[in-house]
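> Structure below; questions to follow.
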Amino acid sequence: MTGPIIDILMYHSISGHGGATAIAPEVFAAQMRAIAGAGVPVVTLDDYCGGGALPARSVIITFDDGFQDFADVAWPVMRELRFRPIVYLPTNYIGGHEGWRGVASPPRKLMGWDTIRRLQAEGVIFGSHTESHPDLDALAPETVEVELTRSRDRIAAELGAAPRHFAPPYGIANPGVRARIAQHYGTSVGTRLGSAGAAEDRHDLPRLEMFYYTDPARWRAHLAGRGGGYLALRRTLRAVRGSVLKPWRSLM
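Each residue of the sequence shown is one higher than the one before, starting from 69 at the first, in my numbering.
This is how it looks when you write it as structure tokens:
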């Protein structure tokens, strides 16, 4: 990859439960301090799309789902370091608990609108994660449109401006769905594993699952530019797992 390299970090819950969608608070704090210690700039998706010069290496911090532990645990750490993250909100669940596929036990609480408005005033950016957190590929086109527009309009009504950025639930969005997303949002991030370049498809942006970087030495090596071999290994293992699971899914 030539030109600037942008690592778009993917988080969900900063807590002690939730499996691969949770990072322990002390691990998260160490990951954030490592970014600061390495001198890698934290930028926003607006910076990425703005057309200006980007640092040779930078980080964008993203959170899916809007869990309450973002406000309680994650944001205080990032606020102290002056990092500006983005949180993608599934609007039907705001103020309640997660209720989609793969929920933790007990289900985790999501932030309410009052908390979200307070965080917005403090510098947090918010994007859309649909209304009901569905697999968009499994929906009829008109239902996809409803999920995209109603979540956008609810966030606009609550926060005073329409969100510019989107994350499809489970990272699932086929080319047709991505084309619909592009009609309403400036970017879309998924779960494709990798770092982004400046010329990346803005509606198929890769991310780094931070569950893979809970080892401090491995994360520091990545920030120092020495993590290519590990990232390639993780991509290979994902591809193998996907090829094994695909025939079974076709029978379901």
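We put the beta carbon where it would ideally sit given N, CA and C, even for glycine. Note that the coordinates shown come from a computational prediction; the quantities given were computed from them, not determined experimentally.
(1) Do the CB positions of residue 87 and residue 154 come within less than 8 Å of each other?
(2) Look up residue 156 in the DSSP assignment and say whether it is helix, strand or coil.
(3) Quick one: Cα of residue 282 to Cα of residue 78, how far?
(4) In its own chain, which residues sit with a C-beta less than 7 Å from the C-beta of residue 240, not counting the 5 before and 5 after it?
(5) Examine the Cβ distances between the region 181 to 197 and the region 226 to 237 and report whether three or more of them are shorter than 8 Å.
(6) Tell me the rounded alpha-carbon separation between residue 82 and residue 236.
(7) Distance check for residue 217 and residue 244, CA to CA, integer angstroms please.
(8) Helix, strand or coil: which one does DSSP assign to residue 96?
(9) Do you know offhand how far residue 165's Cα is from residue 177's?
(10) Measuring CB to CB, does residue 74 end up less than 8 Å from residue 263?
(11) Would you kindly report the start and end of the unbroken beta strand (DSSP E) that includes residue 127?
(12) What three-state label does DSSP hand residue 77 in the structure shown?
(13) Note the first and the last residue of the continuous alpha helix (DSSP H) segment covering residue 226.
(14) Can you give me the Cβ contacts of residue 314 inside the same chain, cut-off strictly under 6 Å, excluding the 5 residues immediately before and after it?
(15) Give a yes or no on whether the C-beta atoms belonging to residue 246 and residue 117 are separated by under 8 Å.
(16) Return the Cβ separation of residue 126 and residue 111 in integer angstroms, given the expectation that the two are a contact with Cβ distance under 8 Å.
(17) Looking at residue 277 and residue 291, is the spacing between their C-beta atoms short of 8 Å?
(18) Would you identify the three-state DSSP class for residue 164, choosing helix, strand or coil?
(19) Buried or exposed for residue 255, going by 16 or more other Cβ atoms inside 10 Å?
(20) Can you check the region 259 to 306 for any beta strand (DSSP E) of at least 3 residues that lies completely inside it and give the ranges in chain order?
On the basis of the supplied data:
(1) no
(2) strand
(3) 13 Å
(4) 203, 204 and 205
(5) yes
(6) 20 Å
(7) 16 Å
(8) helix
(9) 4 Å
(10) yes
(11) 125 to 132
(12) strand
(13) 209 to 227
(14) Residue placement at residue 314 cannot be trusted, given a pLDDT of 47 that sits under 50; what the coordinates show is reported in the next sentence. Excluding positions up to five away in sequence, the list is empty.
(15) no
(16) 5 Å
(17) no
(18) coil
(19) buried
(20) 273 to 277
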